[in-house]
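Take a look at the structure below.
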Amino acid sequence: MWRIRSSITRLPRAEVPPEVPARIHLDKNENPFDLPHGLKKELCDELSKIPLNRYPPAYPVELEEKIAEHLGLSPENVIVANGSDELIGLSLKVFDGNHVVISSPTFGMYDFFATLEGVKVIDVPLGENFELGDVEAHAEGARAIFICSPNNPTGNAHPRKRIIEVLETGAPVILDEAYVEFARESNIDLVKDYDNLIVLRTFSKAFGLAGARLGYAVASEETADYLRRVIPPFSVNSLSLKAGEFMLEHLDYVRHVIRYILGERGRLYREFKEYSYPSEANFLLMRLDAHNFLLKKGIAVKKLGGRLDGHIRVTIGKKEENDELMSALREFIDLTMN
Ligand code: PMP
Numbered sequence: 000m001w002r003i004r005s006s007i008t009r010l011p012r013a014e015v016p017p018e019v020p021a022r023i024h025l026d027k028n029e030n031p032f033d034l035p036h037g038l039k040k041e042l043c044d045e046l047s048k049i050p051l052n053r054y055p056p057a058y059p060v061e062l063e064e065k066i067a068e069h070l071g072l073s074p075e076n077v078i079v080a081n082g083s084d085e086l087i088g089l090s091l092k093v094f095d096g097n098h099v100v101i102s103s104p105t106f107g108m109y110d111f112f113a114t115l116e117g118v119k120v121i122d123v124p125l126g127e128n129f130e131l132g133d134v135e136a137h138a139e140g141a142r143a144i145f146i147c148s149p150n151n152p153t154g155n156a157h158p159r160k161r162i163i164e165v166l167e168t169g170a171p172v173i174l175d176e177a178y179v180e181f182a183r184e185s186n187i188d189l190v191k192d193y194d195n196l197i198v199l200r201t202f203s204k205a206f207g208l209a210g211a212r213l214g215y216a217v218a219s220e221e222t223a224d225y226l227r228r229v230i231p232p233f234s235v236n237s238l239s240l241k242a243g244e245f246m247l248e249h250l251d252y253v254r255h256v257i258r259y260i261l262g263e264r265g266r267l268y269r270e271f272k273e274y275s276y277p278s279e280a281n282f283l284l285m286r287l288d289a290h291n292f293l294l295k296k297g298i299a300v301k302k303l304g305g306r307l308d309g310h311i312r313v314t315i316g317k318k319e320e321n322d323e324l325m326s327a328l329r330e331f332i333d334l335t336m337n
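All the letters of the sequence shown, read from the start, carry residue numbers 0 to 337 under numbering that gives the first Met the number 0.
Put into structure tokens, the structure is as follows:
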């Protein structure tokens, strides 16, 4: 007699928005730029030399070394996997404890992977200005306290002081820095002082490799060693590993794209200040119920619900995409507010 595990019967499918037919996609916090032609060609030439009949390295040491160099840390601190999504689930396998703490509204995959692991999810909602609440009240026995900074979908980063306060409880903290390259500061250096910290990063946003599925975790050598034990060998494919290394060899290009996105974010924010929240990420949270209106014009943005009902999350796109978005939003505001 077979039975489905009870954690699976409770598990809804991960909430991935359906692909919408739109001309302009500002709904998934992707980087609007694929590699420019010359760089893409150079990368493809390198990819063409990779023997596809051979397994990738069992553990992606070379990329981990390059990431460590980029961060000024040791390769022992870095663990590469298939996107930071996968690392959320793997991190939860490392620690003991029967519940996780999340702070809604936040990234949905924390709830998903915790439920998959069969652990309870305690939500301590963000405060009025999206600041962290009293998550420390649930530190005892926690398998992990998730802190997303900058937070998706609100865009704000949590102050370092507050992150340290949570770390001081001694509970495991998973600090998701998926958008940190667009923020003022990172807290990755705290892994030197706190064994209870795992920081998650990704190549999907600033580095523009969402399609390659490449993420990494950073932790103290001891914690990283435990995390390495739960990662199956050969998990990241050779093509993605090469793409990641390639981007780290072209940091000037990456920095140029980040500056462009920050410039466009400022332009959009200034124009719609009255309806936008300040952001340290590659998107803006807006108090405008414009999802359907924009979709009719061929522009996809993310519609939010629950406490953020009537809000949209808008990814910063290319200048011409943002221009179209801005003129559509002006039209929406004229129609609905006057
Ligand atoms: N963390 C946050 C906060 C995100 O918004 C996302 C992607 N939307 C991820 C992690 C997942 O990143 P990856 O593509 O590396 O799985």
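For each residue, glycine too, the CB sits at the ideal point set by N, CA and C.
Quiz prompt | Where the beta strand (DSSP E) through residue 198 begins and ends | solution = 196 to 201
Quiz item: Looking only at its own chain, which residues have a Cβ that is under 7 Å from the Cβ of residue 89, when we skip the five neighbours before and after it?
Solution: 80, 226, 229, 230
Practice problem: Tell me where the alpha helix (DSSP H) around residue 222 begins and ends. | Solution: Here the alpha helix (DSSP H) through residue 222 covers 220 to 228.
Self-check item: Counterpart residues of residue 275 in DSSP-defined beta bridges
Solution: 285
Self-check item: Alpha-carbon to alpha-carbon, residue 93 and residue 273
Solution: 44 Å
Practice problem: Can you tell me the Cβ-Cβ gap for residue 284 and residue 153, rounded? I've got them flagged as a contact below 8 Å. | Solution: About 5 Å; that satisfies the 8 Å criterion.
Self-check item: Neighbourhood of residue 199 by C-beta, 6 Å cutoff - its chain only, sequence neighbours within 5 removed
Solution: 83, 86, 175, 216
Quiz item: Does the beta carbon of residue 44 fall short of 8 Å from some heavy atom of the ligand PMP?
Solution: no
Exercise. Tell whether a beta-carbon distance below 9 Å holds between residue 186 and residue 170.
Key: no
Quiz prompt | beta-carbon residue 209 near the ligand PMP non-hydrogen atom, thresh 8 Å | solution = Yes, since a heavy atom of the ligand PMP falls inside the 8 Å radius drawn around the Cβ of residue 209.
Quiz item: Over what stretch of residues does the alpha helix (DSSP H) that includes residue 209 continue unbroken?
Solution: Here residue 209 belongs to no alpha helix (DSSP H), and DSSP marks it neither H nor E.
Quiz item: Should residue 204 and residue 181 be called a contact, given that it needs their Cβ atoms to be closer than 9 Å?
Solution: yes
Quiz item: How many Å lie between residue 314 and residue 321 at the Cα?
Solution: Each residue's alpha carbon lies about 9 Å from the other.
Quiz item: Hey, out of 113, 252, 323, whose CA is closest to residue 24's CA?
Solution: 323
Quiz item: Tell me which same chain residues have a C-beta within less than 8 Å of the C-beta of residue 46, skipping the five on either side of it?
Solution: 238, 241, 242
Quiz item: How long is the line joining the alpha carbons of residue 18 and residue 113, rounded to whole angstroms?
Solution: 26 Å
Self-check item: Rounded Cβ spacing between residue 244 and residue 62 (contact assumed at less than 8 Å)
Solution: 6 Å
Quiz item: When you compare each of 131, 214, 96 to residue 157 by their alpha carbons, which one comes out closest?
Solution: 131
Quiz item: Out of curiosity, what's the CA-to-CA distance linking residue 128 and residue 36?
Solution: Whole-angstrom Cα-Cα distance: 42 Å.
Quiz item: If you draw a straight line from the alpha carbon of residue 21 to that of residue 299, how long is it in whole angstroms?
Solution: Those two C-alpha atoms are separated by around 6 Å.
Self-check item: Length of the line joining the Cα atoms of residue 121 and residue 40
Solution: 48 Å
Exercise. For residue 25, write down the residues that DSSP places opposite it in a beta bridge.
Key: Residue pairing by DSSP puts residue 25 in a beta bridge opposite 300.
Quiz item: Any chance the CB of residue 212 is under 8 Å from a heavy atom of the ligand PMP?
Solution: yes
Quiz item: Quick one, are the C-beta atoms of residue 52 and residue 206 less than 9 Å apart?
Solution: no
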